[in-house]
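A.B. asks:
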Amino acid sequence: MSEPSLQHAGINMGGTENRPDANAESGIFGFWIFLMSDAVIFALLFAIYGTALAATAGGPTPAREFKLDSALAETLLLLTSSLTIGLTVLAMKYDETRRAVLAWMGLTFVLGIAFLALEGHDLATMFADGAYPTRSAFLSAFFALVPLHGIHVLAGCVWMLVMAAQIGAYGFDARVRINVLRLSLFWHFLDVIWIAILSVVYLQAHLP
Amino acid sequence: MNDRRRETLTYLTGFMLALALTLAAFAAVHWPVASAGTTLAIILGLGLVQVVVQFRCFLHISLARSSRDDLLLVLFSTLIVTLMVSGTLVILFNLRERMM
């Protein structure tokens, strides 16, 4: 009855876990340390972007290059995918059927790929418009910050494929469960970073 | 089943709040009611609230004992980020002012 419940961020698996995994707590905490050091990297790139914002060197300006409608679409895609990865974890916790988990994770994957396609299209439009990284300090800072987030999203999508293969091969054993939990934390974290990008980069460019 | 309902509701609440805050930030830019400086403050404020909402509802960081370690890590990281970012901004803006 009174099994020790796992104490870590994300959905605790304590409720239905048949074999409590003593490594879950430290394993998740270690992943948190990675996430937070990643957050420090992003924060410094934000600081650099803030100081380089006015340094357009007579080239393309933020207001001209950034489109609010595609920023809104990207935000909605990523936010919805954050919800669906949460539902993936809940399906893993309560259903334990491969079909339910893979369905929610597949939906998250599709949303992530759609986000990447939209962002890739935006960046290609910027390049065609003469806004490339070496044009000005502002564009260097932009291309250091936003595509780095895109690469993270791409890594998350590849990770989902790996997890789908692991679920297929091993089912839901303790190791697979903790990996899916880490994946969900990573994905939620990317959504948080995107909120900062949206506010600092896209919305700030269109101030009245 | 009761647990599942509660946890699903947490995610849905977080999603709805995040959606509302995002649309409010877009609205503040699209239909401006204030000056540029005030609008920027509104956007950054809404963004900050949304980060807190996502940490609470999606990442499950709370004041509960079970996530105390994670909360401490997040707060410490916030301190480090604040120090490094504000230091960078102060120094680089000051530098630019002197060079202009």
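Protein sequences, first through last, are from chains A and B. When the first sequence is numbered by full-length UniProt numbering, its final residue is 208 and no position is left out of the sequence of numbers. When the second sequence is numbered by full-length UniProt numbering, its final residue is 100 and no position is left out of the sequence of numbers. C-beta atoms are modelled at their ideal positions from N, C-alpha and C, and glycine is treated no differently. These numbers were taken from a predicted model, which means no experiment stands behind them.
Determine which residues of the stretch 80-94 of chain A have a Cβ less than 7 Å from any Cβ of chain B, and write them out in chain order.
C.D. replies: Under the 7 Å Cβ criterion, the stretch 80-94 of chain A contributes Ser82, Leu83, Gly86, Leu87, Leu90, Tyr94.
A.B. asks: Of all the residues that make up the stretch 51-74 of chain A, which are near chain B by a beta-carbon distance shorter than 9 Å?
C.D. replies: Here the close residues are Thr51, Ala52, Ala54, Ala55, Leu68, Ala71, Leu72.
A.B. asks: CB-CB under 8 Å to B:Phe55, same chain, minus the five flanking residues each way: which ones, in chain order?
C.D. replies: The residues are Ile61, Val74.
A.B. asks: Going straight from the alpha carbon of A:Gly112 to that of A:Val153, what length do you get?
C.D. replies: Their backbone Cα atoms lie some 7 Å apart in a straight line.
A.B. asks: Is A:Arg135 helix, strand or coil when you go by DSSP?
C.D. replies: It is coil, neither helix nor strand.
A.B. asks: Alpha carbon to alpha carbon, how far is B:Leu48 from A:Leu190?
C.D. replies: Whole-angstrom Cα-Cα distance: 15 Å.
A.B. asks: In terms of residues, what are the limits of the alpha helix (DSSP H) holding A:Thr84?
C.D. replies: That run of the alpha helix (DSSP H) goes 68-94.
A.B. asks: Is there a Cβ of chain A sitting closer than 8 Å to that of B:Glu7, yes or no?
C.D. replies: Yes, its Cβ sits closer than 8 Å to a Cβ of chain A.
A.B. asks: With 8 Å as the limit, tell me which residues of the stretch 185-197 of chain A have their beta carbon closer than that to any beta carbon of chain B; keep them in chain order.
C.D. replies: Listed in sequence order: Leu185, His188, Phe189, Asp191, Val192, Ile195, Ala196.
A.B. asks: CA-CA distance, A:Ala47 and B:Ile42?
C.D. replies: If you take the alpha carbons of A:Ala47 and B:Ile42, they lie about 19 Å apart.
A.B. asks: Can you name the residues of chain A whose CB is closer than 9 Å to the CB of B:Thr22?
C.D. replies: Those within 9 Å of B:Thr22 in chain A are Leu72, Thr75, Leu76, Leu79, Ile195, Leu198.
A.B. asks: Between the C-alpha atoms of B:Leu79 and A:Leu161, what's the straight-line distance to the nearest angstrom?
C.D. replies: Computed Cα separation, rounded: 35 Å.
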